[in-house]
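Here the structure comes first, spelled out in structure tokens, and everything after it is commentary.
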Amino acid sequence: MRTDLVSEPGDATRSNEDFAGVGLPASGQGGCVVVLDGVTPPDGGTGCLHSVPWFTARLGGALTELTVSARDLTLPEILARAIRRTADAHTGTCDLSHPRTPQATVVLARWSAEAVEYLVLCDSALLLRGPDGAVTPVRDDRLARLPRSALATAALVDANLRNKEGGFFTAAADPAVAARAVTGTLPRHEVRALAALTDGATRWTETFREGDWTALFDLVAKEGAGPLVERVRELESADRRERAFLGRAKTHDDATVVYVEL
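Just so you know, we're using the numbering used here here: the sequence shown kicks off at -15 and counts up by one.
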């Protein structure tokens, strides 16, 4: 099995809010990938004493441990337990009902000799390559389908859409959100490789239109995860003057890529 992982902050003066992990059980059979993209809160507080990196480290650590060790649980059950475990770690000190309590997007993949399971929540991406070379994106596109007018301000999003029916969902403090994730299972022989990416890395395809998902996957498979992020950074820097016109809130975003050949 070949793996390649890179995770870089969008701003060198701030902590990376992403989390990435690859787990291999001691039995040597199967494995897992965990990728989280922490949601940067706006100014004004979150009701929580803890930072987004604290949250993603806690949640990501719980997901990695459970995905490897709890083979009897489904991925939604694992996500629910990990959210509950993380919430229990700070429920006594923080207001977890606050709409901006620390939260993250989630990509989980787990494989055995027989199957590949996956889970995607919110706007990170999972790409699956089959034996014929075809690349299938697994996306939770609820956020992308919302009208721009509904996303005009953070206050509108928090009041009407964030973790609400008709809006979009992230992993925050409510374990029930795990049932909202996009999930599936494929026979192991139908997946030769996979890539999990936060939206800071998928900008290469989604924002800058440098190539489709197959082209992005080919770039990572042939050149590596690092070169993809380097190219995104170059595109972001060249695009800085157009950023406001195109509605991008950040010049650079935290960018994480995990690539696995099964």
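Yeah, the Cβ is synthetic: ideal placement off N, Cα and C, and Gly gets one too.
Query	Result
Touching by the beta-carbon criterion (3+ pairs, under 8 Å), the region 75 to 86 and the region 20 to 35	yes
The region 67 to 75 touching the region 130 to 143, judged by at least three CB pairs closer than 8 Å	no
Start-to-end residues for the beta strand (DSSP E) that takes in L170	V166 to P171
Expected contact under 8 Å - CB spacing of V244 and V17 to nearest Å	6 Å
Three-pair Cβ contact test at 8 Å for the region 140 to 159 versus the region 200 to 207	no
Neighbourhood of L112 by C-beta distance below 6 Å, restricted to the same chain and skipping five residues each side	T120, V175 and L178
Own chain partners of L8 with C-beta closer than 6 Å, once the 5 adjacent residues on each side are dropped	G15
Residue nearest to E101 in terms of C-alpha spacing, selected from T235, A165, R129 and V23	A165
Below-8 Å beta-carbon distance, L130 vs any chain C residue	Going by chain labels, chain C is absent from the structure shown, which holds only one protein chain.
Cβ-Cβ distance between G195 and T186 below 8 Å	no
Bridge-paired residues (DSSP) for G210	Answer is none; G210 lacks a bridge partner.
Terminal residues of the beta strand (DSSP E) in which F153 lies	Element bounds for F153: n/a, residue is neither H nor E.
Rounded C-alpha distance that separates F152 from R172	30 Å
Span separating the alpha-carbon of D79 from that of A157	10 Å
Sequence-distant residues of the same chain with beta carbon closer than 8 Å to D238, five excluded per side	S(-9), E(-8), P(-7), G(-6), N0, E1, D2, D21, G22, T182 and G184
Per-residue burial, E220 [other beta carbons within 10 Å of its own, 16 or more giving buried]	buried
Residue ranges of each beta strand (DSSP E) within the region -5 to 31, 3 or longer	2 to 7 and 15 to 22
For P60, the first and last residue of its enclosing alpha helix (DSSP H)	L59 to D72
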